[in-house]
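Enquirer: Here's a structure for you.
In my numbering, the protein residues as written are 62 to 500.
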């Protein structure tokens with residue numbers, strides 16, 4: 062790869078967004094698929110209030126057989142797999158943008174940094190004004206670290222990706238656990254850890270109470286307070302480490318043309334599918350077993366030390382199963398019926414930012430107390446069905462919108478602020494076939 066630093070700097074006045082004809086169809090379809098899974102996950106865990114509930118309340122909602130089976134399937138196939146996939150696609154997208162900038166003989170740094178700053182502003186607005194679970198601002202912050210790897214070798218990128226996914230998530234909790242013991246003794250450290258867990262539980266309880274209120278202002282203030290408290294927790298560093306690791310795997314996949322050259326990488330796709338399923342079943346199966354034992358009150362045998370290891374195993378299980386999803390999409394992409402599925406998902410993927418924000422707006426109205434007030438009341442199966450119903454409406458709206466416009470509304474804002482000028486929004490007459498973008 063050429064060194065962008067030695068190339069002419071990019072001129073924002075000459076830069077432009079990616080044209081529809083330059084897009085990779087498979088990536089848009091995968092992005093739509095990932096967005097569906099992210100929405101289901103957010104609905105089951107956060108919008109419904111499940112992660113904020115007392116343990117007994119959450120278990121009561123999931124106690125019937127249907128809910129037990131649904132929750133098990135969700136834990137195995139959905140939980141953390143689709144946010145992993147979405148992060149992977151973010152890194153892959155960076156790789157594609159980097160390659161295009163190099164082909165123009167320009168540097169990506171200035172333009173991409175501006176793009177990340179705009180995304181950071183959108184994400185923080187979303188997090189404080191709409192929903193506390195925003196991922197966009199974290200993507201933006203971690204994205205600046207991604208720029209540091211643009212000239213690094215594939216081997217270096219791979220080593221860092223593995224370290225960030227496997228070593229850092231072990232190292233930080235280990236330091237958090239053992240350093241206080243060395244400094245203050247086991248008893249004092251245990252009391253401090255217990256107090257920290259109590260503070261986190263109290264923080265989530267306050268958030269649930271605020272979101273259950275019929276006052277929009279109370280919910281807004283409660284969300285802001287929870288956000289501020291969350292920034293101070295050490296597990297945020299672990300989360301950012303995992304995201305950067307996923308970004309780097311996406312960067313590496315983009316360099317290898319994993320999804321751009323489907324025929325040339327067919328053997329690699331087969332290997333990814335096999336090993337992704339094999340390791341994904343082991344990692345997620347182990348996590349599912351511990352989850353069930355804990356739900357039955359039999360999980361106390363898992364010590365805190367072993368839980369740190371188990372967390373890494375589960376994360377690697379999520380990564381490998383997400384890789385299997387990618388490989389399966391790639392292997393099936395040439396089949397006619399799969400192309401029809403892609404054509405359904407593509408517009409949602411092209412409007413991923415707009416649809417992500419819309420999901421939050423609709424969901425806080427459906428669940429929060431100032432709206433329909435369903436928070437804390439729906440079992441997992443109904444939260445999933447509700448999310449899929451909303452997503453189906455988004456599919457229709459995305460098709461209708463992109464039949465008339467070049468970008469989704471949030472994408473248009475993002476691009477316009479990035480390039481410093483309003484982008485043309487409306488499509489010329491006769492260019493409304495959103496499913497016709499070539500790969």
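Just so it is clear, CB atoms sit at the ideal spot from N, CA and C, and this is done for glycine as well. Nothing here was measured: the structure is a model prediction, and the numbers come from that model.
Considering Cα atoms alone, identify which of 311, 250, 195, 343 is closest to residue 377.
Expert: Minimum Cα distance to residue 377 is reached at 343.
Enquirer: Measure the beta-carbon distance from residue 309 to residue 210 and round it to whole angstroms, keeping in mind my assumption that it falls under 8 Å.
Expert: Indeed, because the Cβ distance is near 6 Å, the residues count as touching under 8 Å.
Enquirer: Buried or exposed for residue 198, going by 16 or more other Cβ atoms inside 10 Å?
Expert: By the 10 Å Cβ count, residue 198 comes out buried.
Enquirer: By DSSP's criteria, residue 171 is part of a beta bridge. Which residues make up the other side?
Expert: DSSP, once it has assigned bridges, lists no residue as partnering residue 171.
Enquirer: Which residues bound the alpha helix (DSSP H) around residue 420?
Expert: From DSSP, the alpha helix (DSSP H) with residue 420 extends over 413-428.
Enquirer: Leaving aside the five residues before and after residue 393 along the sequence, list all residues of the same chain whose C-beta is less than 6 Å from its C-beta, in chain order.
Expert: Excluding positions up to five away in sequence, the list reads 399.
Enquirer: Could you tell me which uninterrupted alpha helix (DSSP H) segments, each at least 4 residues in length, are contained entirely in the region 138-211, listed from first to last along the chain?
Expert: Here the runs fully enclosed are 142-164, 170-190, 197-208.
Enquirer: Quick one: what's got a C-beta closer than 8 Å to residue 223's C-beta in the same chain, skipping five residues either side?
Expert: Same-chain partners within the cutoff: 306.
Enquirer: Taking residue 459 as part of the alpha helix (DSSP H), name the residues at either end of that continuous run.
Expert: Unbroken alpha helix (DSSP H) run through residue 459: 441-463.
Enquirer: Expressed to the nearest angstrom, what Euclidean distance is found between the alpha-carbon atoms of residue 151 and residue 379?
Expert: Residue 151 and residue 379: Cα-Cα distance of roughly 17 Å.
Enquirer: Whole-angstrom Cβ separation of residue 514 and residue 153, contact assumed at under 8 Å?
Expert: Any answer about residue 514 is impossible in this case: the structure gives the chain only from 62 up to 500.
Enquirer: Going along the chain, which residues of its own chain have a beta-carbon closer than 8 Å to the beta-carbon of residue 174, five neighbours each way excluded?
Expert: 205, 208.
Enquirer: So for residue 487, helix, strand or coil by DSSP?
Expert: The answer is strand: DSSP assigns residue 487 an E or B state.
Enquirer: For the alpha helix (DSSP H) containing residue 243, list its first residue and its last residue.
Expert: Here the alpha helix (DSSP H) through residue 243 covers 229-245.
Enquirer: Between the region 313-331 and the region 236-255, are three or more C-beta pairs nearer than 8 Å?
Expert: The region 313-331, when compared against the region 236-255, does not touch it at the 8 Å Cβ threshold.
Enquirer: Give the range of the alpha helix (DSSP H) segment to which residue 105 is assigned.
Expert: Careful: residue 105 lies outside any alpha helix (DSSP H) and carries neither H nor E.
Enquirer: Kindly identify the DSSP beta-bridge partner or partners of residue 466.
Expert: Looking at the DSSP assignment, residue 466 forms a beta bridge with 487.
Enquirer: Quick one: residues in its chain with C-beta nearer than 7 Å to the C-beta of residue 191, no 5 flanking neighbours on either side, listed in chain order?
Expert: These residues qualify, in order along the chain: 421, 422, 425.
Enquirer: Sort 463, 439, 442 by Cα distance to residue 415 and report the nearest one.
Expert: Ranking the options by Cα distance to residue 415, first place goes to 463.
Enquirer: Helix, strand or coil: which one does DSSP assign to residue 324?
Expert: Coil.
Enquirer: In three-state terms, what does DSSP make of residue 480?
Expert: Helix at residue 480.
Enquirer: Can you have a look at residue 373 and say buried or exposed, based on whether 16 or more other CB atoms are within 10 angstroms of its CB?
Expert: The residue is buried, with at least 16 neighbouring Cβ atoms inside 10 Å.
Enquirer: Starting from residue 301, follow the alpha helix (DSSP H) in both directions and report where the run begins and ends.
Expert: Residues 296-316.
Enquirer: To the nearest whole angstrom, what separates the beta carbons of residue 242 and residue 295, a pair I think is in contact under 8 Å?
Expert: With a Cβ gap of about 15 Å, residue 242 and residue 295 do not count as contacting.
Enquirer: Any beta-carbon of chain C closer than 8 Å to the one on residue 458?
Expert: Included in the structure is just one protein chain, with no chain C present.
Enquirer: Would you report the Cα separation of residue 470 and residue 419, rounded to the nearest angstrom?
Expert: Those two C-alpha atoms are separated by around 11 Å.
Enquirer: Are there 16 or more other CB atoms within 10 angstroms of the CB of residue 486, so buried, or fewer, so exposed?
Expert: Exposed, since its Cβ has fewer than 16 Cβ neighbours within 10 Å.
Enquirer: Evaluate the contact criterion for the region 449-458 versus the region 124-134: three or more CB pairs, one atom per stretch, below 8 Å.
Expert: Contact fails: fewer than three Cβ-Cβ distances are below 8 Å.
Enquirer: In the DSSP assignment, find the alpha helix (DSSP H) that holds residue 278 and state where it starts and stops.
Expert: Taken as a continuous stretch (DSSP letters only), the alpha helix (DSSP H) holding residue 278 covers 277-291.
Enquirer: Would you grab the beta carbon distance between residue 287 and residue 264 for me? Rounded to a whole angstrom, and I think it's under 8 Å.
Expert: Going by Cβ atoms, the distance from residue 287 to residue 264 rounds to 6 Å, so yes, they are a contact pair.
Enquirer: In chain order, what residues of the same chain lie with their CB nearer than 7 Å to the CB of residue 227, ignoring the 5 residues before and after it?
Expert: For residue 227, where only same-chain residues beyond five positions count, the Cβ hits under 7 Å are 373, 377.
Enquirer: Might you give, ordered along the chain, the residues of its own chain that have their beta carbon closer than 7 Å to the beta carbon of residue 159, omitting 5 neighbours on each side?
Expert: Within the same chain, residue 159 has close Cβ partners 169, 211.
Enquirer: Tell me whether residue 275 is buried or exposed, calling it buried when 16 or more other Cβ atoms sit within 10 Å of its Cβ.
Expert: Label assigned to residue 275: exposed.
Enquirer: Less than 7 Å between C-beta atoms, sequence neighbours within five positions excluded: which residues of the same chain meet that for residue 187?
Expert: Contacts found: 195, 197, 418, 421.
Enquirer: Per DSSP, what kind of secondary structure is residue 85 in: helix, strand or coil?
Expert: In this structure, residue 85 counts as coil in the three-state DSSP scheme.
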